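In this note's numbering, the protein residues as written are -10 to 142.
Where a beta carbon is used, it is the ideal one built from N, C-alpha and C, also for glycine.
Keep in mind the model is a prediction, meaning the values are calculated, not measured.
A short worksheet on the structure shown next.
See below:
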């Protein structure tokens, strides 16, 4: 079923493209929100990501069951990084804010939205690096290359 929808969407079938969008937009929005805290910016990034997805779908090789998920996620991450590069002069101009931490409550009860809210409190550069490393599995060298910074930053 998924392969048929992908093939139809790759051939420009708007109904299939809409179905793909509806199936994957929420998941990709959550990925995007790790990089930008503003919902409007995240929606814009996801929409531009889907534009790229639909334009490059003919080149996509659906080799595994989750290939589309991984491929589309990578496109959204790249779009988010491009957005940050375009809209921020320097991601690392802020210091990490001092906060009064209260560790009496375990974080195991946090839901994904709580994690997003906590991530949003970090300065943009730190949030981006944290998301790339801890959540998306990039290594330090890959992060440095993606953000055009030194590995030691």
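From the options, residue whose alpha carbon lies closest to that of residue i
i           : options           : result
residue 32  : 121, 66, 107      : 66
residue 133 : 71, 9, 118, 107   : 118
residue 1   : 45, 15, 23        : 45
residue 70  : -3, -9, 109, 121  : 121
residue 62  : -1, 15, 108       : 15
residue 25  : 59, 123, 114      : 114
residue 145 : 13, 135, 102      : This structure cannot speak to residue 145, because the chain is shown only from -10 to 142.
residue 29  : 5, 72, 3, 54      : 72
residue 106 : 27, 3, 5          : 27
residue 135 : 124, 100, 74, 110 : 74
residue 35  : 55, -3, 11        : 11
Where residue i falls: helix, strand or coil (DSSP)
i           : result
residue 49  : coil
residue 23  : coil
residue 141 : coil
residue 1   : coil
residue 93  : Low confidence applies to residue 93: its pLDDT is 42, below 50, so where it sits in the model is not reliable, and the reading given next is rough at best. Coil, per DSSP.
residue 122 : helix
residue 108 : helix
residue 68  : helix
residue 78  : Here the model assigns residue 78 a pLDDT of 46, short of 50, so the residue's position is not dependable and the matter cannot be decided.
residue 100 : coil
residue 55  : coil
residue 40  : helix
residue -8  : helix
Minimum Cβ-Cβ distance from residue i to chain B less than 9 Å
i          : result
residue 10 : In the structure shown, chain B does not exist; there is a single protein chain.
*Quick one: any contact between the segment 36 to 48 and the segment 118 to 130, if contact means 3 or more CB pairs under 8 Å?*
no
_With a threshold of 8 Å, are at least 3 pairs of Cβ atoms found where one atom belongs to the segment 48 to 55 and the other to the segment 16 to 28?_
no
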